[in-house]
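Report on the structure given below.
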Amino acid sequence: MPVAPNQNSPITLAPVQQSDLDNLVAIRIEAMRESLERVGRFDPARARERFVDGFEARNTRYIEAAGERVGFVVVKHHPNELLLDHLYVRPSAQGSGVGSAVLTQVFKEADAAALPIKVGALKESASNRFYTRHGFQFIESSEFDNYYVRQPSPAIGAHSGTMG
């Protein structure tokens, strides 16, 4: 049964440690398996290697809902942009608003810094629809991935106390 965010179980982002690497790889493989199998590219060893090569605990946060770790997000800060390097939600929690809640938090961070957010998505993945639905614009593609950007939004109502 999917873990759905509600008033009693908000989505929270929690720090990870270097020692969490194996658990993060397992979440990544679980979340990506279906999309990669669909395009004939599922290879757990390659998925592990690609993630481990770029892993930095300081940029990585667990996604928690109802006290359960349901995924993780990696946001890398660059001088002129934020790179949403990874956003993985376990299949059991997909479609429940978890990813949208995480994007809302990332958007607030980017908007406060007046920085665009860039993201890549496997061409045949449902994540392409997810990102465009949340305001990302397609910018280019490579052999296997599509790349998107979301420009920062002004903080409308930031001084009125009506946003929250």
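Residue numbers (the working numbering): 833 to 996. For each residue, glycine too, the CB sits at the ideal point set by N, CA and C.
Check your understanding: Taking the C-alpha atoms as reference points, what is the distance between V934 and I859?
Key -> The straight-line gap separating the alpha-carbon atoms of V934 and I859 is approximately 16 angstroms.
Review point. So E896 and A846 are in contact, right, with Cβ under 8 angstroms, and what is the actual spacing, rounded?
Key: Sure, about 6 angstroms apart at Cβ, within 8 angstroms.
Check your understanding: Per DSSP, what kind of secondary structure is R922 in: helix, strand or coil?
Key -> In the three-state scheme derived from DSSP, where H, G and I count as helix and E and B as strand, R922 is classed as coil.
**Study point:** Counted within 10 angstroms of its Cβ, other Cβ atoms place K940 as buried (16 or more) or exposed
**Key:** By the neighbour-count rule (16 or more Cβ atoms within 10 Å), K940 is not buried but exposed.
**Study point:** Contained alpha helix (DSSP H) runs [length at least 4] in the region 856 to 941, N- to C-terminal order
**Key:** Taking only runs of at least 4 residues, the alpha helix (DSSP H) segments lying wholly in the region 856 to 941 are 876 to 886.
Check your understanding: Sorted by chain position, which residues of the same chain lie with C-beta nearer than 6 angstroms to A946's C-beta, five sequence neighbours on each side aside?
Key -> Excluding the 5 residues flanking it on each side, A946 has same chain C-beta neighbours closer than 6 angstroms at P984, in chain order.
Check your understanding: Does the region 923 to 932 come within contact of the region 868 to 875, defined as at least 3 CB pairs closer than 8 angstroms?
Key -> Too few Cβ pairs lie closer than 8 angstroms, so no.
Point to revise | Closest Cα partner of H910 within the set P948, R982 and L919 | key: Ranking the options by Cα distance to H910, first place goes to P948.
Review point. What does Y980 pair with, by DSSP beta-bridge criteria?
Key: For Y980, the pairing in a beta bridge is given by DSSP as V951 and F970.
Review point. CB-CB under 7 angstroms to I861, same chain, minus the five flanking residues each way: which ones, in chain order?
Key: Within the same chain, I861 has close Cβ partners P876 and A879.
**Study point:** Burial state of V884 (16 or more Cβ within 10 Å)
**Key:** V884 comes out exposed.
Practice item. State the Cα-Cα distance for the pair I971 and A958, rounded to the nearest angstrom. Key: CA-to-CA, the gap between I971 and A958 works out to about 17 angstroms.
Check your understanding: In terms of alpha-carbon separation, which member of S973, V981, I843 and V857 lies closest to A942?
Key -> Taking A942 as reference, the option from S973, V981, I843 and V857 with the minimal CA-CA separation is V981.
Practice item. Please name the residue or residues paired with L845 in a DSSP beta bridge. Key: Answer is I895, bridged to L845.
Review point. Taking the alpha-carbon positions, what's the F968 to F904 distance?
Key: Between the alpha carbons of F968 and F904 lies a distance of about 20 angstroms.
Review point. Under a three-way DSSP split, which group does E959 fall into?
Key: Reading off the sequence, residue 959 comes out as Ser, not Glu. S959 falls in the helix class under three-state DSSP.
Exercise for review: Compare the C-alpha of P854 against each of D977, P986, P842 and A889 and name the closest.
Suggested key: Checking the sequence shown, residue 854 turns out to be Asp, not Pro. The residue with the shortest Cα to Cα distance from D854 is A889.
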